[in-house]
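In what follows, a single structure is set out as structure tokens and then discussed.
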Amino acid sequence: MKILIIEDESAIRDMIRMGLELAGFSCLEMEDTRYGLNFVRDNKPDLILLDWMLPGGSGIEFLRRLKRDDGCKNIPVIMLTAKAEEDNKIQGLEAGADDYIAKPFAPRELVARIQAVLRRVNQRAREDVIVVEGVRLDNVSHRVTVDEQNVKMGPTEYKLLNFFMSHQDRVYTRGQLLDQVWGSNVYVEERTVDVHIRRLRKALDSVVNANKYGHLVQTVRGAGYRFSSD
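Have a look at this one:
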């Protein structure tokens, strides 16, 4: 999982980055919002840690712009701030923040807050009906259709497709897919992922007279896999 830290104090950024990397996250850093939405669009973080007080524009202003942007509005945001007053918390949450943590805070508390927000986001994604081109995944009926025709696939392929469709346009290594789909407590060889990717592509291409949709599951040489309609 990739976390973007937007914080102008380098010592605090370093402390946050070290704590998150020890917890298994990868980190991106910005000291202000000069590069703004373009940086977020290009890097597609899984979550943003956003300081309230920033040079050149407040974090709350950037949060409002973020939530108005179709390409960025679904990225969860945790506000980091010395403003602990209740009115400030309400203002941040009403602007679209998913959580709010006041400085000073312990790295372990921050990691726990991040994990809680990511769980909520993933749960919402799993509950949605997701449609990409002609592929429709319905978690209520646990059914996948391609061009409105039912597709048969195994439970692992279904979970893999669900994860991909909930996290489009992001590259995941085999190890990351194992953690997200199989679970971090299950020992499976990384090459097993390749087998299930092939089965998933075959299932998406199995419907008679349908367009080919296996290409949505893309191999990124030297990096892993992504799900994208581009």
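Heads up, the final residue of the sequence shown is numbered 343 in the numbering used here, and it's a clean run with no missing numbers. Think of the CB as a built atom: it goes at the ideal place given N, C-alpha and C, for glycine as much as any other residue. All values reported here derive from a predicted model rather than from experimental measurement.
Sheet register partners of ASN263 (DSSP bridge): THR258
Residue from TYR213, ALA316, VAL284 whose Cα sits closest to the Cα of ARG344: Residue 344 is absent from the model: the chain starts at 114 and stops at 343.
Length at least 3, wholly inside the stretch 160 to 224: the beta strand (DSSP E) runs in chain order: 160 to 164, 190 to 194, 212 to 215
Counterpart residues of MET131 in DSSP-defined beta bridges: Answer is none; MET131 lacks a bridge partner.
Span separating the alpha-carbon of ARG249 from that of LYS157: Straight across, the Cα-Cα distance linking ARG249 with LYS157 is about 23 Å.
Check whether VAL259 and PHE276 have beta carbons under 8 Å apart: no
Which of helix, strand or coil DSSP assigns to VAL308: helix
Alpha-carbon to alpha-carbon, ASN235 and ILE310: ILE310 and ASN235 have their C-alpha atoms some 21 Å from each other.
Per-residue DSSP class, three states only, for THR269: helix
Three-state secondary structure assigned by DSSP to VAL245: strand
Nearest residue (CA-CA) to LEU117, options VAL224, ILE161, ASN263: The residue among VAL224, ILE161, ASN263 with its C-alpha nearest the C-alpha of LEU117 is ILE161.
Cutoff 8 Å; reference VAL264; Cβ partners in own chain excluding five residues on either side: VAL257, THR258, ALA316, LEU317, SER319, VAL320
Residue from TYR326, LEU290, GLN228 with nearest C-alpha to GLN58: Residue 58 lies beyond the range of the chain shown here (114 to 343); nothing can be said about it.
Coil, strand or helix - SER279 by DSSP: DSSP places SER279 in the helix class (H, G or I) of the three-state scheme.
ASP183 burial status per 10 Å Cβ neighbour count (16 or more: buried): exposed
Nearest-angstrom beta carbon gap, LEU163 and VAL190 [assumed within contact, 8 Å]: 5 Å
Endpoints, beta strand (DSSP E) assigned at GLN331: Start and end: 330 to 333.
Presumed contact (8 Å Cβ cut-off) between GLY288 and GLU303, rounded CB distance: 6 Å
Rounded C-alpha distance that separates LEU273 from LEU290: 8 Å
Between the CA atoms of ASP212 and ARG221 - distance to the nearest angstrom: 15 Å
Whole-Å CB distance - THR146 paired with ILE119, under 8 Å assumed: Yes, they are in contact, since the Cβ atoms of THR146 and ILE119 sit about 7 Å apart, within 8 Å.
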